[in-house]
Amino acid sequence: MKRIFYTGLLLLLMTACSKDEKTAPDQQLSNRITYVIADNIFNFSSFNAVIERTGYGPKLAGEGPLTVLVPDNNAFIKAGYANVSAVLQERSSTLNHMMAYHVLSGTWELNKLPFAFNQELTTASGAKMYATRWVKGKDTVLTINGTPVISYNLPASNGLIQVMSEVLQPLVNQTLSDAIAADTTLTFLNVALQQAGLKDLVASKKVYTFFAPSNSAFRSKGFPTADSVGQTDPAVLQRMLGYSFFPGRRFVYDYVLTTDDTDKSEQAMYNGSNITVQLLKTGVKYTGITIQGSGNTSPVNILKSNVLAGNGVLHIISNVLSENQ
């Protein structure tokens, strides 16, 4: 039903835009991005509240052109905002960072991007994000930072609206090293990287994807405290951590797009060994992945996915990836 509604809205707006030459200036103003969002308040009320709270209205009603990535209300619910009231209770700084990360300068017709993974885009505030256009089965799929776009290229008189299935998390940390150090659930991993002499590697300009074991994952592996990690032979930690990351930027949904009908694939890691990636499905909808090392007795869950850093992506996992010895 949602897709039908968005398609109907797109056809209505395209019809309006085809009459631009005959449209009075006041009608042009009434078709600006802010008014299109407000007119679709049933689906965009939470994002509209962010606009009002942050004072972005004048910018989105300006000359443009702008492209705005608009998470619908279900996206906000998934992000922990049950309704407009919850949005309005959020800290202003959080909402301002959120808003800035969802606005791009210019007109970005995502359906005209090349068929390629993680093409770099820059927001109006200068932050980086990554767009993928690919074919899965009979469908052409668009994602931003691994988040599927529900409906794209909804026209306004001063730009375009892309409807997102999730609220995008702003890029906060410039390196994976910074992202790990800033997360209190990854203190054991931060110590392990230091002891193994790998901190500089994940702080470099090289791009990596890191399956980051949480503190509880280290405890389950036999490390009761962060100090016990720091007292471990660096060579042991190097072997263990080398099975936790690999070169390149990979979001969870990238695996959905590249995995065949078996719903399983292999991922080569930094140390040259492979892990198994298993797609998760509810009905016909893919909902995520599990991963498993050759020495793991059961699949490892992703606790938090798609944490973007300037030099890669972080996925926090429930257990340490283990190899058969």
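One point on numbering: in my numbering, the residue at position 86 of the sequence shown is 770, and numbering is uninterrupted.
Where a beta carbon is used, it is the ideal one built from N, C-alpha and C, also for glycine.
A quick note: this is a predicted structure, and the numbers were derived from the prediction, not measured.
Can you find the residues in the same chain that come closer than 6 Å, C-beta to C-beta, to residue i, ignoring five residues on each side of it along the sequence?
i: GLY979; result: SER1006, GLU1007, ASN1008
i: THR707; result: Interpretation of THR707 is limited by its pLDDT of 46, a score under 50 that renders its predicted location unreliable; no figure is taken from the coordinates.
i: ALA865; result: ASN874
i: ILE883; result: Checking the sequence shown, residue 883 turns out to be Lys, not Ile. Here the set comprises SER861, LEU877.
i: THR718; result: GLY741, LEU744, ALA745
Could you check what DSSP says for residue i in three-state terms: helix, strand or coil?
i: ASP823; result: strand
i: GLY810; result: coil
i: GLU793; result: coil
i: ALA840; result: strand
i: MET783; result: helix
i: SER1002; result: coil
i: GLY996; result: strand
i: THR966; result: strand
i: ASN732; result: helix
i: VAL851; result: coil
i: VAL833; result: strand
i: PHE801; result: strand
i: VAL936; result: helix
i: ARG737; result: helix
i: THR718; result: helix
i: THR943; result: coil
i: ILE864; result: helix
Return yes when at least one heavy atom of the ligand MG lies under 6 Å from the C-beta of residue i, else no.
i: ALA865; result: Here there are no bound small molecules, and the ligand MG is not part of this structure.
Between which residues of its own chain and residue i is the CB-CB distance below 8 Å, once the five residues before and five after are set aside?
i: GLY994; result: LYS812, LEU855, ASN857, GLN858, THR859
i: ALA808; result: LEU750, ALA784, VAL787, LEU788, SER789
i: ASN795; result: ARG817, THR824, LEU826, TYR836, ASN837
i: GLY810; result: none
i: LYS965; result: ASP947, THR971
According to the neighbour-count rule (16 or more other Cβ atoms, all chains shown, within 10 Å of its Cβ), is residue i buried or exposed?
i: PHE726; result: exposed
i: ARG775; result: exposed
i: ALA919; result: exposed
i: ASN899; result: buried
i: ALA759; result: buried
i: VAL768; result: buried
i: GLN915; result: exposed
i: ALA880; result: buried
i: GLN773; result: exposed
i: THR778; result: exposed
i: SER904; result: exposed
i: SER841; result: buried
i: GLU793; result: exposed
i: VAL968; result: exposed
By Cβ distance below 7 Å, which residues in the same chain neighbour residue i in space, the five residues on each side in sequence not counted?
i: GLY977; result: TYR927, ILE959, LEU1005, SER1006, GLU1007
i: SER730; result: ASN757, PHE760, TYR765, VAL768, VAL771
i: TYR939; result: SER949, VAL961, LEU963, ILE973
i: ASN780; result: THR738
i: ASN732; result: ILE721, ALA722, ILE725
i: THR791; result: PRO749, THR751, GLY843, LEU844
i: ALA901; result: ILE1001, SER1002, ASN1003, VAL1004
i: THR893; result: PHE929, PHE930, GLY932, ARG933, ARG934, GLY996, VAL997
Taking the runs of the alpha helix (DSSP H) that are 4 residues or longer, which of them lie wholly in the region 872-933?
Counting only runs of 4 or more residues that sit fully inside the region 872-933, the alpha helix (DSSP H) segments are 883-886, 899-904, 910-914, 918-925, in chain order.
Contact between the region 931-949 and the region 792-800 is defined here as three or more beta-carbon pairs at a separation below 8 Å; is this criterion met? Taking 8 Å as the limit for Cβ pairs, the verdict is that the region 792-800 does not touch the region 931-949.
message = So, does the region 734-743 touch the region 829-842, judging by three or more C-beta pairs under 8 Å?
response = Because the criterion of three Cβ pairs below 8 Å is not met, the region 734-743 and the region 829-842 do not touch.
Checklist entry - Quick check: the region 859-874 against the region 815-826, are there 3 or more CB pairs under 8 Å? => result Contact between the region 859-874 and the region 815-826 is absent: fewer than 3 CB-CB pairs across the two stretches fall below 8 Å.
Check: Are at least three pairs of beta-carbons, each pair with one atom in the region 899-919 and one in the region 942-950, less than 8 Å apart?
Finding: By the C-beta criterion, the region 899-919 is judged not to be in contact with the region 942-950, since fewer than 3 inter-stretch pairs fall below 8 Å.
Query raised in the report: Counting only runs that start and end within the region 743-785, where is the beta strand (DSSP E) found for 3 or more residues in a row?
Result: Counting only unbroken stretches of 3 or more residues, the beta strand (DSSP E) elements lying wholly within the region 743-785 are 750-755, in sequence order.
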